[in-house]
Amino acid sequence: MGIIVQKFGGTSVANAEKIRKAAELVIKTVKNGSSVVVVASARGKQTDGLVADALELNPNPPEREMDQLLSTGEQQTVSLFAMALQAMGYDAISFTGSQIRMVTDSVHTKARIKSIGADIIHKQLDQGKVVLVAGFQGVDEHDNITTLGRGGSDTSAVALAAALGADECEIYTDVDGIYTTDPRIFKQASKMEQISYDEMLEMASLGAGVMHSRAIEFGKKYDVKIHVRSSSEETEGTIITHEVPKMEGIVVSGATVQKNMAKITLVGIDNNPGNAAKVFAHLAKAKVVVNDIVQTEVSTEKANLSFTVGTADLTAAQKAAEQIKDEVGCDNIFIREDIAEISVVGVGMRTHYGVADTMFGTLAKAKINIDSITTSEIRISCIVDKDQADEALRTVCIAFELDKPAEKRS
Ligand code: ADP
Ligand code: ASP
Ligand code: MG
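Per the working numbering, the sequence shown starts with residue 15, numbered consecutively.
Next up, the structure:
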């Protein structure tokens, strides 16, 4: 019997009625002959509430305790979900991440999964039970509870699907699929039938909050078919898959905006071999996740080194930069928090030209200043003022016709 992993996000389990509705979807899949493993998030905005509770008591809460606290949201959901299934006549059992030995490293608040006790789950499935696993959490080798980063239940689900050899991982959420951009910002965004792992990974890393980027990494590595779909409407969603030839003809597949970010510039570091390495080794030691890096030589003696980080890592990054400043001869540190990054993504960009031209020209016409630019093989990103971010995203979406399905673009 094939296994299907079904993940329900916070809004899809926000109250008793929604949990019952989600349970009906599970039952339907069981009736179709599959074994089902459910991964669920905390209900509604409960995680945000727990964060606020913590900050009320300690403005700088220790990360171990934060993980201990935040993991309780998901634990509540899965036990309630199991009770709902039982009341509907289906045998079900819930587990925390720790109970199924979802072993992670010890980097609290952004832990990475190392191994999963798949046999524990198989044993229960073999007894005909629906197995429910609390998303977003794991346990380190010293039995400390860890969490995988905000939005991390997607990663729990795809990693479980990989470990169990599941046929499919369904991500049930409050949109009916992946759109060319966030439909909350650009209402005319077009839904995609499918998207490649590479494009979705770029989009997720660049701010498309619909999927946790680590989930896509697992999907690609272990060949997990991921289906993002609505928990309230029975429509086909979007399949995340390997690249198919059809996709190559599409130049720009999607656009994103990243608002929770900051840019740190080490102004005037000594232009010597090894200085960039020293800075990033120091940031890595401080467990800071660095996004885009730009270094420019400004004279034979000096260079400017800029990098972006998520807002959550800013304090740690700033501290690390201050500590290394003198060692690399840096004149001063310049930080911008009032920025956002607009990106366009598409595997077709590998073989097409003119994308940068259109993007920069469009932003110029809308009188939006570009602070800095970074590119990869399949994306172009511009940093702009945060208060112009939504307008910049909409402008770019219109320029690349992201309001139309791919086959109708000129
Ligand atoms: P869940 O709680 O189910 O995990 P999330 O809020 O994490 O749901 O993700 C769903 C949200 O992602 C949508 O409501 C949508 O506003 C946002 N989103 C951002 N970018 C996209 C995109 N390209 N396509 C679809 N939704 C997107
Ligand atoms: N509850 C966690 C969060 O709000 C994890 C998740 O929803 O995926 O970030
Ligand atoms: Mg999510």
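Don't be surprised by glycine CBs; every beta carbon is placed ideally from N, CA and C.
No experiment lies behind these values; they were computed from the predicted model shown.
Rounded to whole angstroms, what is the Cα-Cα separation between residue i and residue j?
i    : j    : result
I230 : S395 : 20 Å
E250 : L84  : 32 Å
T43  : A420 : 31 Å
A378 : V398 : 11 Å
E79  : L407 : 38 Å
N72  : F232 : 35 Å
T365 : N346 : 40 Å
I349 : L328 : 9 Å
M225 : V302 : 21 Å
G87  : A56  : 4 Å
D181 : K235 : 15 Å
T91  : G58  : 10 Å
R228 : S108 : 24 Å
D417 : S424 : 12 Å
V51  : F22  : 11 Å
S26  : V342 : 50 Å
D62  : R164 : 10 Å
A125 : A276 : 22 Å
V65  : I159 : 16 Å
V271 : A403 : 7 Å
V8   : P287 : Since the first residue shown for the chain is 15 and the last is 424, residue 8 is missing from the structure and cannot be characterised.
D352 : F321 : 15 Å
E155 : A300 : 21 Å
G375 : F414 : 12 Å
V117 : A175 : 15 Å
V312 : A291 : 18 Å
D212 : Y367 : 19 Å
A30  : L139 : 25 Å
D340 : K333 : 13 Å
I387 : D371 : 12 Å
E336 : A68  : 28 Å
V145 : K128 : 21 Å
I134 : I412 : 50 Å
M101 : R34  : Before going on, a small fix: residue 101 reads as Ala here, not Met. Rounded to the nearest angstrom, the two C-alpha atoms are 10 Å apart.
D237 : S49  : 19 Å
D196 : T314 : 44 Å
Where do the N-terminal and C-terminal ends of the alpha helix (DSSP H) with residue i fall, by residue?
i    : result
F321 : Careful: F321 lies outside any alpha helix (DSSP H), inside the beta strand (DSSP E) at 316–324.
D168 : 167–178
Q113 : First-last for Q113: undefined, no H or E at that position.
T372 : 369–379
V40  : 30–45
T310 : Per DSSP, T310 belongs to no alpha helix (DSSP H); it is in the beta strand (DSSP E), 304–311.
T61  : 60–71
L297 : 289–299
Tell me where the beta strand (DSSP E) around residue i begins and ends.
i    : result
A276 : 275–284
V265 : No beta strand (DSSP E) contains V265, which DSSP labels as neither H nor E.
K128 : 127–129
L146 : 144–148
T160 : 159–161
Q141 : Taken as a continuous stretch (DSSP letters only), Q141 belongs to no beta strand (DSSP E), as it is neither H nor E.
S49  : 49–54
T329 : Not the beta strand (DSSP E): T329 falls in the alpha helix (DSSP H), residues 328–338.
V361 : Premise fails: V361 is in no beta strand (DSSP E) and is neither H nor E.
T389 : 386–390
Name the DSSP beta bridge partners of residue i, please?
i    : result
D399 : I353
C183 : V19, I240
G103 : For G103, which the question treats as bridged, DSSP gives no partner whatsoever.
F348 : T279
G152 : T160
I209 : I254
S26  : According to DSSP, S26 bridges with nothing at all.
T118 : I127
T270 : S357
R393 : V359, S390
Cβ-heavy atom distance between residue i and the ligand ATP below 7 Å?
i    : result
A125 : Questions concerning the ligand ATP fall outside what the structure shown contains, since the ligands it does hold are the ligand ADP, the ligand ASP and the ligand MG.
For this session: Collect the residues with a C-beta less than 6 Å away from any heavy atom of the ligand MG and give them in sequence order along the chain.
Result: Per the Cβ criterion, the list is G23, G165, D168.
Exercise. What are the complete alpha helix (DSSP H) segments, minimum 4 residues, inside the segment 214–238?
Worked result: 227–236
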